[in-house]
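Working notes, structure below.
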Amino acid sequence: MSAPPYLKFAGPLITDDMADAVRDTMLSGWLTSGPRVAAFEQALSTYHGGRPARTFTSATAAMEVALEVCGIGPGDEVITSAMTFFSVGNMIEKVGATTVFVDCDLITRNINLDQVEAAITPRTKAIVPTHMSGLPCDMDRLTEIANKHGLRVIEDAALAIGSSWRGKKIGTFGDIATFSFHPNKNMTTIEGGAAIFANEADAKRAEVLRFHGISKLADGTRDVSVAGGKFNMSDVSARLGIEQLKHLDAWNTHRQQLAAHYFSRLTPIADAMGLVLNANAYPGEASGHSWNMFCVLLPLAKMKLTRKQFIDAMHAQQIGIGVSYEAMHLTTLFRAKVHQQGSFPNAERIGRETVTLPLHHAMTMADVDRVCDTLIRVLQA
Numbered sequence: 059m060s061a062p063p064y065l066k067f068a069g070p071l072i073t074d075d076m077a078d079a080v081r082d083t084m085l086s087g088w089l090t091s092g093p094r095v096a097a098f099e100q101a102l103s104t105y106h107g108g109r110p111a112r113t114f115t116s117a118t119a120a121m122e123v124a125l126e127v128c129g130i131g132p133g134d135e136v137i138t139s140a141m142t143f144f145s146v147g148n149m150i151e152k153v154g155a156t157t158v159f160v161d162c163d164l165i166t167r168n169i170n171l172d173q174v175e176a177a178i179t180p181r182t183k184a185i186v187p188t189h190m191s192g193l194p195c196d197m198d199r200l201t202e203i204a205n206k207h208g209l210r211v212i213e214d215a216a217l218a219i220g221s222s223w224r225g226k227k228i229g230t231f232g233d234i235a236t237f238s239f240h241p242n243k244n245m246t247t248i249e250g251g252a253a254i255f256a257n258e259a260d261a262k263r264a265e266v267l268r269f270h271g272i273s274k275l276a277d278g279t280r281d282v283s284v285a286g287g288k289f290n291m292s293d294v295s296a297r298l299g300i301e302q303l304k305h306l307d308a309w310n311t312h313r314q315q316l317a318a319h320y321f322s323r324l325t326p327i328a329d330a331m332g333l334v335l336n337a338n339a340y341p342g343e344a345s346g347h348s349w350n351m352f353c354v355l356l357p358l359a360k361m362k363l364t365r366k367q368f369i370d371a372m373h374a375q376q377i378g379i380g381v382s383y384e385a386m387h388l389t390t391l392f393r394a395k396v397h398q399q400g401s402f403p404n405a406e407r408i409g410r411e412t413v414t415l416p417l418h419h420a421m422t423m424a425d426v427d428r429v430c431d432t433l434i435r436v437l438q439a
């Protein structure tokens, strides 16, 4: 009997029409930032209620520029969750600010807002929440805290394109929201990212910072008033983004259905097997979860397998498994800044026990059944 096809844990869906659109762009003679970037930014703006949108080479670049737009630098503190992707802490440190970590909730994996308020000092300039797995943070409470203390909010929405909170899209709150279009996100531009801004002045500032700090003068010459980087998106990537965005809501609906099927299969056996499911724990269906990832915590204390052995066993059955994410404060970078084991127990447990199950647009309900059946067999063995 032949082996079943390999089921990757994440990946993009690119149709022939999308490939043709990219090919036409490549043959147009205009490859770098041009009319397709402008069109993609307009489409993103429209999708987010008319707020200004700017594209970047990555969400990491968008986060760096967002911090700079907010004037954050040496002497400032930025509060974020210890459970986030590396880019958040890296960019806070890169602009010269101090990263102040707080813990996350074990089930939602989102930032602990009680700890955020307790961590605010006179040096705090901003809060950077991560909408983990596409599940929005409590934006009502977060906005209340930020307004009370006069803080900027830069949302790490890398995983949350198309997510919403109480019917309002992520990207229409706060000061700036940054998105990722990496191939393992809900839509892709191959590589790339974007930021949605609360006002045109911040968006214009970002334009300068993403392209060498250049401003054009009235006589057609150029000037540099600030040291900027080079983070502009290509027209080729933007053209794919235009087509992908058209499908985003339908794809997110399919992801929600896949996640619901995971819950129908795993919830009845989770307690008995010691699994902890990453779920929407907000009451009243407050969040519009876009389900970029479906994560579980393994019962490692009860297992004879290590996490690596579990991943290898699933891979042997042609099922891809990821790890999302490690606890940021325990990386070498932040251990050197006196962070240590035991500081943020929920983030540490997630970092130690988490695995990411397959979830992407091309999957079927039968694929979910296959993952669950295999996971149960491996754990029981």
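Its first residue numbered 59, the sequence shown is counted upward by one per residue in my numbering.
Cβ coordinates follow ideal geometry from the N, Cα and C atoms, glycine included.
If you're wondering where the values come from, they're calculated on a predicted model, not measured in any experiment.
Asked	Found
Boundaries of the alpha helix (DSSP H) in which Asp-307 is found, first to last residue	293-331
Phe-269 versus Ile-203 - alpha carbon distance	33 Å
Rounded straight-line distance, which links the Cα of Lys-243 to that of Gly-69	7 Å
Ser-86 versus Gly-250 - alpha carbon distance	21 Å
Option in Pro-62, Leu-417, His-373, Lys-183 with minimal Cα separation from Cys-128	Lys-183
Rounded separation between Pro-194 and Thr-230 - CA only	12 Å
Buried or exposed by the 16-neighbour rule on C-beta atoms within 10 Å, applied to Tyr-320	buried
Backbone CA spacing between Glu-317 and Met-421 [nearest angstrom]	A small fix is needed here, since residue 317 is Ala in this sequence, not Glu. Rounded to whole angstroms, Ala-317 to Met-421 spans 11 Å at the Cα level.
Simplified DSSP state of Val-334, which is helix, strand or coil	strand
Same chain only: Cβ atoms within 8 Å of His-347, ignoring 5 sequence neighbours per side	Ser-191, Gly-192, Leu-193, Pro-194, Ser-221, Gln-314, Ala-317, Asn-338
Simplified DSSP assignment, three categories, for Thr-118	helix
Same chain, Cβ closer than 6 Å to Glu-301, neighbours up to 5 away in sequence not counted	Met-76, Ala-79
In DSSP terms, what Thr-166 is bridged to	In DSSP, Thr-166 forms no bridge with anything.
Candidates Ala-176, Ala-218, Tyr-64, Met-386, of which the one nearest His-189 by Cα	Ala-218
CB contact flag (Asp-293, Arg-81, <8 Å)	no
Sub-8 Å separation of Ser-382 and Met-361 beta-carbons	no
Contiguous beta strand (DSSP E) assignments of at least 3 residues, all confined to the region 151-239	156-160, 182-186, 210-214, 234-238
Same chain, Cβ closer than 8 Å to Pro-62, neighbours up to 5 away in sequence not counted	Gln-375, Gln-376, Arg-428
Identity of the residues DSSP links to Phe-289 by a beta bridge	Phe-289 is not bridged to any residue.
Cβ-based burial, His-106 [other Cβ within 10 Å; buried from 16]	buried
Which listed residue (Phe-98, Thr-179, Ala-215, Glu-135) has its alpha carbon closest to that of Phe-143	Ala-215
Whole runs of the alpha helix (DSSP H) within the region 369-407, excluding any shorter than 4 residues	390-393
Start-to-end residues for the beta strand (DSSP E) that takes in Ser-139	135-139
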